[in-house]
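I have placed the structure first, in the form of structure tokens, so that the comments after it can refer back to it.
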Amino acid sequence: MSDRQRQRQRLDISRHAVRLFAAQGVAATSGEQIARAAGVSERTLWRWFPSKESCVEPLLTQSVAAFRTVLRAWPPGADLTEHLRAAYRPALDPSSGGDAEAVLTVIRLTHDEPALRAVYLVLREQAEDTFTEVLAERAGGAAGLLGVRMRAAAMNAVLGVATDDLARAVAGEGVTPEALRRHREQLADALGMVTRGL
Numbered sequence: 003m004s005d006r007q008r009q010r011q012r013l014d015i016s017r018h019a020v021r022l023f024a025a026q027g028v029a030a031t032s033g034e035q036i037a038r039a040a041g042v043s044e045r046t047l048w049r050w051f052p053s054k055e056s057c058v059e060p061l062l063t064q065s066v067a068a069f070r071t072v073l074r075a076w077p078p079g080a081d082l083t084e085h086l087r088a089a090y091r092p093a094l095d096p097s098s099g100g101d102a103e104a105v106l107t108v109i110r111l112t113h114d115e116p117a118l119r120a121v122y123l124v125l126r127e128q129a130e131d132t133f134t135e136v137l138a139e140r141a142g143g144a145a146g147l148l149g150v151r152m153r154a155a156a157m158n159a160v161l162g163v164a165t166d167d168l169a170r171a172v173a174g175e176g177v178t179p180e181a182l183r184r185h186r187e188q189l190a191d192a193l194g195m196v197t198r199g200l
């Protein structure tokens with residue numbers, strides 16, 4: 003199986019896991035149920051995921067990766083706020099064929115399911131390394147500088163709060179272009195404050 007096929011299969015398992023978690027709760031969902039729903043063996047499931055909760059990782063990774071990609075593309079000398087307004091298209095955008103509802107469902111579930119929250123926080127912590135690298139480059143300093151690391155942590159917090167806010171705002175209604183526009187504007191404004199003075 004190629005890496006691309008494996009990634010697609012993992013993403014499919016992730017979708018089924020989220021659907022089951024949302025329908026019956028994490029505690030009531032077994033690895034066997036997830037594997038059966040995804041059409042894979044339990045052995046395959048456990049080879050790719052260390053726990054049933056970690057099955058949500060591929061979906062969450064899509065969302066975090068979209069922001070990391072646009073941040074890496076931030077042109078030197080350009081204002082981050084304007085760059086985000088022009089270039090940031092969240093993986094949550096339904097028009098991109100993404101998994102908006104599933105991602106936002108996971109994010110909502112993380113508030114009541116500590117094991118899912120742990121997976122989400124680990125992914126966000128890993129993304130913070132990217133934020134630190136990009137901010138250090140823009141500041142012309144080392145990634146280990148305290149001020150750079152503090153701004154990266156603040157950037158990570160802003161992204162988390164804005165995404166949580168979007169997840170709550172569209173619960174039961176679905177993702178709309180207007181909700182995404184507000185999300186992008188809120189994110190751009192807040193991150194502009196965090197990075198001002200770099």
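All residue numbers for the sequence shown refer to the numbering used here, where the first residue is 3 and numbers rise by one. Glycine included, C-beta positions come from ideal geometry on N, C-alpha and C.
Distance between residue j and residue i (C-alpha atoms, nearest Å)
i	j	result
D191	T83	6 Å
E180	D14	28 Å
G33	Q26	13 Å
R38	S65	26 Å
D101	R170	16 Å
G194	T134	15 Å
S56	W50	9 Å
S98	A68	Here the model assigns S98 a pLDDT of 49, short of 50, so the residue's position is not dependable and the matter cannot be decided.
R10	H18	13 Å
Q7	R45	17 Å
H185	R91	10 Å
V121	Q128	11 Å
A80	T31	47 Å
V28	D114	10 Å
A141	A24	43 Å
S16	R198	37 Å
Rounded distance between the beta-carbons of residue j and residue i, thought under 8 Å
i	j	result
R153	V196	6 Å
R12	P78	Contact flag wrong, Cβ pair sits at about 35 Å.
L22	Q35	6 Å
R119	G162	Not really, about 11 Å apart at Cβ, beyond 8 Å.
Same chain, Cβ closer than 8 Å to residue i, neighbours up to 5 away in sequence not counted
i	result
T132	R70, L73, R74
V172	L106, T178, A181
E187	R87
V160	L189, A192, L193, V196
Own chain residues within Cβ distance below 7 Å of residue i, not counting five before or after
i	result
G146	none
V20	V58, L61, A104, T107, V108
T63	L125
S43	A37
G143	V150
V136	L73, R74, W76
A89	V72, A75
Residue i, buried or exposed, once every other Cβ within 10 Å from all chains shown has been counted against 16
i	result
E175	exposed
V124	exposed
S53	exposed
A138	buried
T4	Strictly speaking, residue 4 in this sequence is Ser, with Thr absent from that position. Burial call: exposed.
L148	exposed
A40	buried
R183	exposed
Contacts around residue i, its chain only, beta-carbon distance under 6 Å, and the 5 residues preceding and following it disregarded
i	result
E130	A154, N158
H85	W76
A117	E55
A156	V196
Chain D contact for residue i (CB, 8 Å cutoff)
i	result
R184	Structure shown: chain D not included; a single protein chain is present.
Distance cut-off 7 Å: residue i Cβ against heavy atoms of the ligand NAP
i	result
E44	Ligands displayed in this structure: none; no statement on the ligand NAP is therefore possible.
Notebook entry, point to check: Are three or more beta carbon pairs between the stretch 161-174 and the stretch 102-117 nearer than 8 Å?
Noted result: yes
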